[in-house]
DNA sequence: CGAGATCACGTTACCGCTAACGCAAATCAA
DNA sequence: TTGATTTGCGTTAGCGGTAACGTGATCTCG
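Chains as they are written, first to last, in the working numbering: chain H, 1 to 349; chain D, 1001 to 1349.
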């Protein structure tokens, strides 16, 4: 059996509670006693039983994170970064993947709450608000990640997707393109906001916003490449071909580029592309892909800090954190000579 | 406050323990009572408090997974797959990333064990066995993932890396290449075994194994591209240039290919490449990358099943699961016309 | 018909830890 | 000196479950 407080107490001839206090650094114990306790605890390699501690104190020092897909680099990087912040404060992370299935997500939310996490972070794939029954009335603080549900009045940490859409489209416009299409994402806020940014960027220039230039896709995350490929084939069949495409994410863009090259067009001269997410390999693709960087690591850090704030104090004010994205220009939207000046940071908010 | 067994018991006028038994399906309760309990539990949306259950029963229904890097597609996919298997059996997964730092790994092992996981899965980055102090003597069953420590006599689930090295090198040989170099991985078993496979494949053909044709790298995981890039530049400076390179993993290969194209060589005619891992984007790279697929999803499933076996019964027999890898040929090692027959599965053991 | 078996449910004692007091001795103020 | 405060440690009572036994009633069967 593992070492318990009781064992240390017996060895030292003090009471169990004294040991507990000494180890937790409660200012109620003489320095000498504390040192004796610490010494003995180290000798015995004492590890507090977090279950017991959690049960007694009502805090588990665990946060829960539910993501739609761990394989998606965005969520993987987010989880990694979040984990780092939490670890440094002694917090653990319990992770669940909903596989983009609202049902599974519900299950996982129940399961994770049952495990008594101190806070819950959810990148939800619920199509409607309805699915949040059971989280709202809970006392466990929760934070929405990446996909917001404005009606929910919940804490939120994510990308400024409207800015991303605006930025991407403005960039394509700045290269002289005018017939800009959009392969859109799912109807979560992330997809909707990027789309809104796209539309507003066109309006700024008084360019027509054609519904036929927007390809809608309910589910993009899992099969982005295929969706991009099929979407692009549709666009190429239109009488007026686009001369640039803003894709919801990088995977979609990769698929779209594939379809474009297959059809014999040149990139970026005939058609330029920009994605979103700035995946690790963007530089090494057949056509290095321009993209909008979401500063995912920073997102994870911010979410971690907010989590710690929430569990420590009852910070009731609603936090809505939206990180400004960054434009990264590569060959898919710029002629080689221009692409040499690779990265251009946007102004900070 | 959340609903407790006590609340249900009070409502129904039975004792707490009756409710507990009814919910756990213990065959000691009349069907009628059980139904009443189930009904009321559903109405109140009862969720068992896993902390209390864990404390009382000694089982937490949580497994711990410690990986060096969540961002690495291999570990992300493994975690995803493992999580799926565990979820279907009501098990949770607590995740920790060691950031490839043995110290952090140690901390995390302690932390995760303190949380009372029923089993621990570790893809370790310990350079020596020494770091496992504290895991071995523990009663918690543990499984090594991907990187084996043969001296430890622990359960292991991973790729057959020797076969991977053999397969990759044989493939390059089969395309007529003879001066085959190797950009090797870290000195864990995964790296060492792939290297051994490489060497044996050359020996089979009685080809010389030159130390100068092997580039060693202590830490490849995080900065694979850079390591591959620098390693390849070294190789290109040698008097006898290689005509093919087997890279420890895909990221390394991507970097190496970059260096090669930059130096003005053509792929695969001047120099062919093969990586290992078969990352998602391999098809869409500047030069589509031949690779060894590790069937990561399958690995996760196997690890999940082994975990469940271990926590359920005291399966004492040592399990060593090594999944046979699969060769995937793309343009980096084959002329376009041959590359059309894209995927070729290896013989099953 | 009575003794053991079976059924359906209850009591008790923890699991390891913490919150919230309790309390004696030492220190301090007046 | 004396009451009030501080210091340092201990007691008690759970947290929400589960394990391991009770226990009283009904059933079974020679």
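Glycine included, each C-beta is placed from N, C-alpha and C at the ideal position.
(message) Determine, for residue 325 of chain H, whether the minimum Cβ-Cβ distance to residues of chain D falls below 8 angstroms.
(response) no
(message) Determine, for residue 1083 of chain D, whether the minimum Cβ-Cβ distance to residues of chain H falls below 8 angstroms.
(response) yes
(message) Between the alpha carbons of residue 73 of chain H and residue 67 of chain H, how many angstroms are there, rounded?
(response) 12 angstroms
(request) Using a Cβ-Cβ cut-off of 8 angstroms, state whether residue 290 of chain H counts as contacting chain D. (result) no
(message) Taking 8 angstroms as the cut-off, does the stretch 1103-1116 of chain D touch the stretch 47-66 of chain H (at least 3 CB pairs, one atom from each stretch)?
(response) yes
(request) Examine chain D for any beta-carbon lying closer than 8 angstroms to the beta-carbon of residue 229 of chain H, and answer yes or no. (result) no
(message) According to DSSP, simplified to helix, strand and coil, what is residue 1333 of chain D?
(response) Correct three-state label for residue 1333 of chain D: coil.
(request) Could you tell me whether the Cβ atoms of residue 1324 of chain D and residue 1306 of chain D are closer together than 8 angstroms? (result) Result no, Cβ atoms of residue 1324 of chain D and residue 1306 of chain D do not sit closer than 8 angstroms.
(message) Taking the alpha helix (DSSP H) that residue 1189 of chain D belongs to, which residues open and close that run?
(response) Where residue 1189 of chain D is concerned, the enclosing alpha helix (DSSP H) stretches over 1189-1204.
(request) Give a yes or no on whether the C-beta atoms belonging to residue 1185 of chain D and residue 1165 of chain D are separated by under 8 angstroms. (result) no
(message) So if I threshold CB-CB distances at 8 angstroms, which residues from the stretch 1046-1066 of chain D count as touching chain H?
(response) 1047, 1048, 1049, 1050, 1051, 1052, 1054, 1055, 1060, 1062
(request) Go ahead and pull the three-state DSSP assignment for residue 116 of chain H. (result) coil
(message) Does the distance between the C-beta of residue 1058 of chain D and the nearest non-hydrogen atom of the ligand MG fall short of 7 angstroms?
(response) Absence of the ligand MG from the depicted structure is noted, as is the absence of any ligand whatsoever, leaving it without description.
(message) Please report whether the beta-carbon of residue 1262 of chain D lies at a distance below 8 angstroms from any beta-carbon of chain H.
(response) no
(message) Using CA atoms only, rank isn't needed, just tell me which of D/1334, D/1321, D/1293 is closest to residue 1287 of chain D.
(response) D/1334
(message) Does chain H have any CB closer than 8 angstroms to the CB of residue 1248 of chain D?
(response) no
(message) Does the stretch 1086-1105 of chain D come into contact with the stretch 1143-1158 of chain D, if we say contact requires no fewer than three beta-carbon pairs (one atom in each stretch) closer than 8 angstroms?
(response) no
(request) Would you give the residue range spanned by the beta strand (DSSP E) that residue 1159 of chain D belongs to? (result) Looking at the DSSP string, the run of the beta strand (DSSP E) that includes residue 1159 of chain D is 1155-1159.
(message) Which residue marks the beginning of the beta strand (DSSP E) containing residue 182 of chain H, and which one marks its end?
(response) 180-183
(request) Compare the C-beta of residue 198 of chain H with all C-beta atoms of chain D and state if any pair is closer than 8 angstroms. (result) Proximity of residue 198 of chain H to chain D, defined by a Cβ-Cβ separation below 8 angstroms, is not satisfied.
(request) Say whether the stretch 7-20 of chain H touches the stretch 1010-1021 of chain D, bearing in mind that this needs 3 or more beta-carbon pairs closer than 8 angstroms, one atom from each stretch. (result) no
(request) Determine the closest residue to residue 268 of chain H out of H/162, H/225, H/175, with distance taken between C-alpha atoms. (result) H/175
(message) Just to confirm the assignment: which complete alpha helix (DSSP H) runs, minimum length 4, are found wholly within the stretch 55-127 of chain H?
(response) 73-88, 102-114
(request) Using three-state DSSP, classify residue 360 of chain H as helix, strand or coil. (result) Chain H is shown only over 1 to 349; residue 360 of chain H falls outside these bounds and no answer can be derived.
(request) Starting from the Cα of residue 203 of chain H, find the closest Cα among H/284, H/173, H/262, H/212 and give me that residue. (result) H/173
(request) Determine, using beta carbons only, whether residue 1207 of chain D and residue 1178 of chain D come nearer to each other than 8 angstroms. (result) yes
(request) Identify, in the order they occur along the chain, each residue of the same chain with its Cβ nearer than 6 angstroms to the Cβ of residue 217 of chain H, setting aside the five sequence neighbours on each side. (result) 227
(request) Would you identify the three-state DSSP class for residue 1243 of chain D, choosing helix, strand or coil? (result) In the structure shown, residue 1243 of chain D adopts coil according to DSSP, grouped into three states.
(request) For residue 1258 of chain D, return the contacting residues in chain H, with the cut-off set at a CB-CB distance below 9 angstroms. (result) 283, 284
(message) Assuming contact is defined by CB atoms lying nearer than 8 angstroms, are residue 1213 of chain D and residue 1181 of chain D in contact in what I supplied?
(response) Cβ atoms of residue 1213 of chain D and residue 1181 of chain D: closer than 8 angstroms.
(message) Does chain D have any CB closer than 8 angstroms to the CB of residue 100 of chain H?
(response) No, residue 100 of chain H lies away from the interface with chain D (no Cβ there is under 8 angstroms from its Cβ).
(request) Ignore the nearest five residues each way along the sequence and tell me which others in residue 285 of chain H's own chain have a CB closer than 7 angstroms to its CB. (result) 254
(message) With a threshold of 8 angstroms between beta carbons, is residue 1019 of chain D in contact with chain H?
(response) no
(request) With 8 angstroms as the threshold, decide whether the Cβ of residue 1043 of chain D is near any Cβ in chain H. (result) Chain H, which has no Cβ nearer than 8 angstroms to the Cβ of residue 1043 of chain D, makes this no.
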